[in-house]
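Notes to accompany the following structure.
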Amino acid sequence: MTTDHLLPALPVIPLFGALLAVIVPLNALWVVLLLVTFGILGSLISLFAVLVSKGPIRSSLGGWGVPLGIDLYVDGTGMMLLAMTAGLMIAITFYSHAYFGHGRRARRFWPLFLLVWASLNNLFVTGDIFNMYVTLELLGLLSVGLIALAGTPAAYAAALRYLLAALCGSLFYLLGVAMVYSNSGNLDWMVLRFHLVSGPSAYIALGLITAGLMLKSAVFPLHFWLPPAHANAPAPVSALLSALMIKASFYIALRMWLWVFPGSIPTETAGPLFGVLGAVAIIYGSLQALRQHRLKLMIAYSTVAQLGYLFVFFALSMRPEGMEQALQAVVFFAVSHAFAKAALFMASGAVIRSYGHDWIDGLQGSAERLPAVMFAFGIAGVSIMGLPPSGGFVGKYLLMNTAVEQGQWFWAVVPALGGLLAAAYIFRVINIAMKAGRAAPLARPVGSGLIWPAWGLAIIAVLLGLLALRPLEIIAIGSPVFEAGLLPPGGAP
Amino acid sequence: MTWYNWLPLLILGTSLVPAVWIFFLREESYRTRTAVNLGGAVLKLVLVALLFAEVRQGHEIVFEYQLMPKLTMKFQADPLSLLFVSLSALLWLLTTIYAIGYLEESPNRSRFFGFFSLCVSTTVGIAMAGNLITLLIFYELLSLTTYPLVIHRGNAKSLQAGWIYLAFTMFGGAVLLVGVIWLQSLGGAIDFRATGILGELPEASYVRLQVIFWMLILGFGVKAALVPLHGWLPVAMVAPAPVSALLHAVAVVKAGAFGIVRVIYDVYGIEFSRTLGLLTPLAVLASVTIVYGSVRALYQDDLKKRLAFSTISQVSYIILGSAVFGPLATIGGIVHLVHQGVMKITLFFCAGNFAETLGIHKVSEMSGVGRRMPVTMAAFTLGALGMIGVPPLAGFFSKWYIGMGGVENGQYWVPGVLVISSILNAAYFLPILYTGWFGRQDHEWHGHRSFPARFETSLSLLAPALVTAALSLLFGVFAASPFSPLYWARFIMLGEY
Amino acid sequence: MKTNEDMIQGARAPHPIFYWGMTVGVILFFAALVWAILSLPPAAPGLFRQVSDRMPESGVESMVTGVLLNFRAYDTLLEIAVLLVAVLGLGAIRLGSREPLPEAFTAGPVLMEFLRFLTPVMVLLAGYLLWVGSKYPGGAFQAGAVLGAATILLQIAGNIRAGDIPLWLEKTVLISGVFVFAGIGAACMFFNDRFLHYPQEYAKGLILIIEAAATVSIGATLMVLFAGRSLADPHDAESEEGEHR
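Chains as they are written, first to last, in this note's numbering: chain A, 4 to 496; chain B, 102 to 598; chain C, 226 to 470.
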């Protein structure tokens with residue numbers, strides 16, 4: 004078992020799992036899920052060991068090598084995101100089993116679910132930007148199907164809107180990739196920096212790529228498709244979308260801006276623009292979240308706001324001296340947000356199951372009826388607010404620290420403000436939940452299978468705050484500042 | 102790392118583990134919950150005593166944990182932290198006993214005691230914090246854990262109070278966070294060291310240091326109820342009496358004041374603070390708070406609200422003591438941390454007793470209560486006299502030292518403020534005492550529950566009040582002995598100059 | 226604040242300024258693209274030379290097929306997976322759909338005669354395209370498209386109806402494209418040294434097998450997509466519509 008076996012195993016194992024999930028009957032599906040999980044975990048652990056001892060790992064598919072073929076590559080950032088994906092997918096597996104049971108929707112759900120896992124794994128190990136485009140297409144279509152599983156007219160409308168937005172974004176991205184290829188003759192993001200020719204085509208390429216990715220990442224003002232899509236999907240799908248899939252396009256943007264284009268384009272100048280968009284997203288998203296009457300819509304707008312944090316980080320990572328710390332901060336923030344947001348959606352799914360609706364005003368006294376669920380909601384909310392001891396606090400702290408060290412005052416204050424606004428909308432729900440008096444009765448008792456995954460993820464979000472040191476170190480492996488990444492076969496350019 | 106370095110963490114654990122345990126207990130498991138509660142409280146006291154012993158032997162107790170590449174959490178047991186942690190531990194035990202009796206038939210007790218224990222954990226964390234960032238982390242946690250206690254009753258007023266409380270504390274926390282990060286970028290990790298560490302920074306950063314100082318004061322001042330950040334405190338009185346007792350004697354307001362004390366003495370250093378010209382404005386602010394709180398207290402009919410404004414006023418004594426340069430004022434300020442704690446908690450325990458046993462919530466209803474509940478009224482009297490500053494109660498000594506400190510420093514208005522405040526205190530406490538003892542009952546008193554007829558109220562409600570009232574007396578009478586808080590405060594002061 | 230209901234009912238026509246803005250935007254965008262393309266060097270630094278240099282190792286003679294199925298086979302694997310996702314998504318959408326089942330088609334005599342002649346030719350054409358793809362333009366996607374077209378014609382003629390195909394067969398054929406491709410890739414991992422690294426002597430044969438499976442799979446995918454529903458159950462019991470019958 005070499006890394007040449009392990010790296011492709013990450014996307015291929017769940018791919019096979021998905022194919023089996025199409026034909027295997029539902030009762031036996033757990034075998035498939037078990038095998039897939041263990042396969043991926045085993046590969047991840049082995050790869051982790053290699054990463055830590057020898058540095059970033061590269062493997063040429065088909066033996067052709069760059070620029071002719073496709074290379075797979077894993078560095079610290081990739082490993083962290085792969086681990087995040089694995090952890091979340093395992094939790095969502097349990098949750099989905101409790102949520103969908105053995106009904107008709109379950110049969111449609113599992114193949115799509117495993118394909119999402121395969122696509123995400125592929126995204127985080129691939130070294131080829133066209134391959135990333137294919138992954139984006141996969142994720143987009145998978146999302147549409149998954150959202151439509153809800154079966155309501157609102158879900159269909161949201162799915163269709165999402166489809167159009169996703170296609171538009173992918174096309175822009177593809178155009179940008181084509182321009183990059185015409186400019187440099189290369190498609191590997193590790194190596195592109197040395198091949199890109201500075202000039203109008205590089206600028207336009209980055210512009211197109213970023214525009215497409217911004218649309219897919221729901222950055223203000225291109226966020227319009229996100230709230231209905233995430234709110235109307237079934238709860239496990241909402242968790243999947245808000246926690247994981249929205250990070251995919253952000254990840255590509257990260258690679259583009261920090262690894263690919265810095266040589267040929269003065270990326271520091273665009274930083275403030277992103278920062279402003281991010282800041283507006285934080286404020287706008289939080290205010291909209293406050294205004295919502297439905298729980299899932301509120302959480303979806305919270306996602307819009309939290310994504311704003313990611314783009315504020317962008318603003319700070321453009322300068323060489325802050326790049327590594329900002330990179331650690333971004334990735335860590337993305338990971339802890341994933342866990343916290345998924346926990347929130349899982350809790351809201353439990354609420355919907357038991358009350359039959361998700362109108363916030365109707366949740367009076369839910370702290371008494373559903374204490375475990377609301378507590379998990381609260382703990383996950385602590386991470387969203389960025390209060391200690393949570394991963395959200397570590398991310399927020401690192402961001403503010405980087406901003407202050409670089410003397411950029413505005414970006415130091417914005418996260419603090421964002422935290423206050425997040426506190427407002429989270430505590431609004433908790434307040435209503437703890438209202439004494441006539442507590443609305445439950446329509447159905449809530450199954451424990453819906454509660455445990457939410458708890459697990461909420462606890463992980465908190466633990467990330469206490470055990471942040473090692474993950475942060477890992478993220479730094481292979482960061483652009485070091486140039487420590489493996490050189491492509493063929494030697495240095 | 103030797104075993105005693107784990108003590109801070111263990112002390113934290115003695116309320117953290119019970120908290121988690123209690124959350125899982127069902128409402129009906131009365132006995133288990135009581136056992137866990139009391140067990141944790143007693144264990145904590147034992148460990149604190151152990152801590153004292155180790156420090157006595159000269160062992161340095163430090164516990165560090167690296168949270169992030171540039172952020173290390175640190176616990177240490179220096180004299181000031183020992184002072185606060187022992188106060189917290191003792192008063193937690195007493196308040197637990199009180200709360201068990203007070204909440205005897207209310208709903209959601211498991212939730213209450215769970216958050217109660219968490220609250221004390223965070224207070225202990227604040228007490229034992231060894232650097233500014235650790236203090237900040239536990240400070241924010243304190244906001245989080247006290248919020249459910251404030252809204253415990255769940256009615257509209259409680260929820261409203263919760264919102265206001267959150268707004269103030271979250272805002273303060275945000276300002277604090279920005280200030281701390283800024284400070285760290287200027288001076289590196291902000292470890293607490295007696296006489297402060299910022300004195301060595303270059304002159305060019307002085308202006309920034311001043312701005313940061315005020316940001317920190319703002320952040321801590323929210324909890325310490327400095328004017329104009331005090332708005333949350335009277336509103337938070339809707340919480341049950343044990344919560345008010347805890348919040349106002351031990352946890353929240355003390356944490357704020359404690360933070361300010363740390364900033365002045367162990368971060369900036371008292372000498373450096375004077376150089377930067379920070380002390381006088383702070384002293385003025387504290388004085389305004391002292392007078393304002395007392396004046397507002399005069400007009401309150403609701404007993405707890407009157408006590409709340411009294412707290413606003415009294416906590417600023419601590420700040421005033423710290424803001425006046427000189428050893429005497431320092432002693433006064435620091436010792437008032439303890440004295441105000443025991444005196445105020447006595448008053449709140451008594452207020453709670455009156456409310457639960459006789460349904461008395463307002464001062465105007467208290468006429469003649471001394472005949473019905475003499476023991477409680479006696480405790481209340483001791484506490485009130487101590488607040489006024491009557492010797493030989495503890496409160497007198499704090500005021501004396503602060504006043505003398507002002508004189509020594511040439512700030513003659515300081516004793517003036519204290520005198521005015523004492524007069525005002527008398528004005529709003531003495532009438533209560535008079536009508537309580539000598540008045541005639543003119544209101545129907547309906548208790549919320551029935552109580553055993555042997556004592557005037559349940560023993561678990563009575564005993565804590567008696568203990569703290571006795572402490573108020575003893576701390577004053579035996580102020581010269583080496584076991585008194587005054588002696589301890591003097592010891593702390595020696596390290597700061 | 227828009228409720229979900231607002232979003233479903235569709236927006237009103239946008240303000241005229243929107244159209245003007247869009248026009249200006251498109252023109253600017255176009256100009257930017259032109260500017261960028263004109264700035265590219267006349268001899269674009271593509272990979273033509275590298276590809277043609279290594280064609281002999283790829284096992285085929287058509288450069289397109291070489292790139293698609295050998296050098297960058299991984300991309301193609303994922304692209305075929307995209308088609309599978311489309312079908313799976315269709316199944317998911319169908320669940321809550323209230324779309325009425327299409328009426329059974331019938332064919333007039335002209336169509337029937339035409340089809341009787343055309344269908345075998347199309348199948349043959351598909352096979353030819355598949356085979357010739359190694360040397361000339363052709364290959365799995367083209368062959369699959371033709372095959373799919375044939376099935377669509379048959380559906381229009383009413384020769385293929387819902388319920389004609391057993392479920393297991395439908396599912397197996399749909400996944401066969403990806404399955405064979407990934408399976409061969411995995412086999413290469415064990416028998417050779419890494420994923421999708423065909424041993425050179427077998428390259429041509431393996432590519433042909435992969436393409437064959439893909440052809441059938443793609444044809445079946447198009448067939449199901451056109452039908453808009455799984456062809457296994459005549460009453461479409463899975464969907465909401467079917468449930469109400």
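Beta carbons: idealized from backbone N, C-alpha and C, even for Gly.
Taking only three categories from DSSP, how would you classify residue i?
i: ARG297(A); result: strand
i: GLU165(B); result: strand
i: ALA660(B); result: Because chain B here runs from 102 to 598, residue 660(B) falls outside it and cannot be looked at.
i: GLN311(B); result: helix
i: ASP278(C); result: helix
i: THR155(A); result: coil
i: ALA528(B); result: helix
i: GLN441(B); result: helix
i: LEU302(B); result: coil
i: THR458(B); result: helix
i: THR558(B); result: coil
Looking at the C-beta of residue i, does it have a partner C-beta in chain C at a distance below 9 Å?
i: LEU178(A); result: yes
i: ARG196(A); result: no
i: LEU218(A); result: no
i: ASN30(A); result: no
i: PRO239(A); result: no
i: GLY493(A); result: Confidence at GLY493(A) is low in this model, with a pLDDT of 35, below 50, so the placement of that residue is unreliable and no value is reported for it.
i: VAL412(A); result: Before going on, a small fix: residue 412(A) reads as Trp here, not Val. For TRP412(A), the answer is no, since every Cβ of chain C falls outside 9 Å of its Cβ.
i: LEU133(A); result: Reading off the sequence, residue 133(A) comes out as Phe, not Leu. Closer than 9 Å to some Cβ of chain C, the Cβ of PHE133(A) qualifies, so yes.
Check whether chain A comes within 9 Å of residue i, counting only Cβ atoms and requiring the distance to be less than that.
i: LEU311(B); result: Looking at the sequence itself, residue 311(B) is Gln, so the reference to Leu does not match. It does not: the Cβ of GLN311(B) has no partner Cβ on chain A nearer than 9 Å.
i: ALA452(C); result: no
i: ILE53(B); result: Past the edges of chain B, shown from 102 to 598, lies residue 53(B), and the structure says nothing about it.
i: GLU603(B); result: Outside the modelled stretch of chain B, which goes from 102 to 598, sits residue 603(B), for which no answer is possible.
i: VAL321(B); result: In the sequence on display, residue 321(B) carries Phe and not Val. No, PHE321(B) lies away from the interface with chain A (no Cβ there is under 9 Å from its Cβ).
i: VAL472(C); result: Nothing can be reported for residue 472(C), as the shown portion of chain C is limited to 226 through 470.
i: GLU304(C); result: yes
i: GLY369(C); result: no
i: LEU151(B); result: no
Would you say residue i reaches chain B, if we count a Cβ-Cβ gap shorter than 9 Å as a contact?
i: PHE380(A); result: no
i: VAL407(A); result: yes
i: ALA419(A); result: yes
i: ALA86(A); result: no
- Query: At a Cβ cut of 7 Å, what residues of the region 315-327 of chain A count as close to chain C, listed as they run along the chain?
  - Reply: Along the region 315-327 of chain A, none of the residues has a CB nearer than 7 Å to a CB of chain C.
**Prompt:** Which ranges does the beta strand (DSSP E) cover as unbroken runs of at least 3 residues, wholly within the region 277-349 of chain A, from first to last along the chain?
**Reply:** none
- Query: Using a beta-carbon distance cut-off of less than 7 Å, what residues from the region 329-355 of chain B approach chain A?
  - Reply: none
Q) At which residue ranges does the region 27-79 of chain A contain complete beta strand (DSSP E) runs of 3 or more residues, listed in the order of the chain? A) 60-63 and 74-77
> Going along the chain, which residues of the region 142-159 of chain A sit with their C-beta nearer than 8 Å to a C-beta in chain D?
Replying inline: In summary, chain D is missing from the structure at hand, where the protein chains are A, B and C.
Quick check: the region 415-433 of chain C against the region 59-77 of chain A, are there 3 or more CB pairs under 8 Å? A contact exists between the region 415-433 of chain C and the region 59-77 of chain A.
### Query
Got a sec: which bits of the region 161-185 of chain B sit with their beta carbon under 8 Å from any beta carbon on chain A, in order along the chain?
GLN167, LEU168, MET169, PRO170, LYS171 and LEU172
**OP:** Check distances from the C-beta atoms of the region 253-265 of chain B to those of chain A and list, in chain order, the residues that come in under 9 Å.
**Re:** HIS253, ARG254, GLY255, ASN256, ALA257, SER259, LEU260, GLY263 and TRP264
Within 9 Å of chain A by C-beta, residues of the region 264-285 of chain B in sequence order
If the cut-off is 9 Å between Cβ atoms, the region 264-285 of chain B has TRP264, LEU267, ALA268, MET271, PHE272, GLY274, ALA275, VAL276, LEU278, VAL279, ILE282, TRP283 and GLN285 near chain A.
Curious, which full-length beta strand (DSSP E) runs of at least 3 residues does the region 155-206 of chain B contain? 163-169 and 172-177
Check: Which residues, in chain order, does the region 388-400 of chain C contribute to contact with chain A at a C-beta distance below 9 Å?
Finding: Listed by position, the residues of the region 388-400 of chain C near chain A (Cβ gap below 9 Å) are TRP393, LYS396, THR397, LEU399 and ILE400.
Cβ pair count under 8 Å reaching 3, the region 212-231 of chain B against the region 171-189 of chain B: Yes: the two stretches touch, three or more of their Cβ pairs being nearer than 8 Å.
Exercise for the section: Just list the alpha helix (DSSP H) runs in the region 121-156 of chain A, keeping only unbroken ones of 4 residues or longer that don't cross its boundaries, in chain order. Expected result: 132-151
With contact counted as at least three CB pairs below 8 Å, one residue from each stretch, are the region 211-223 of chain B and the region 393-406 of chain A in contact?
no
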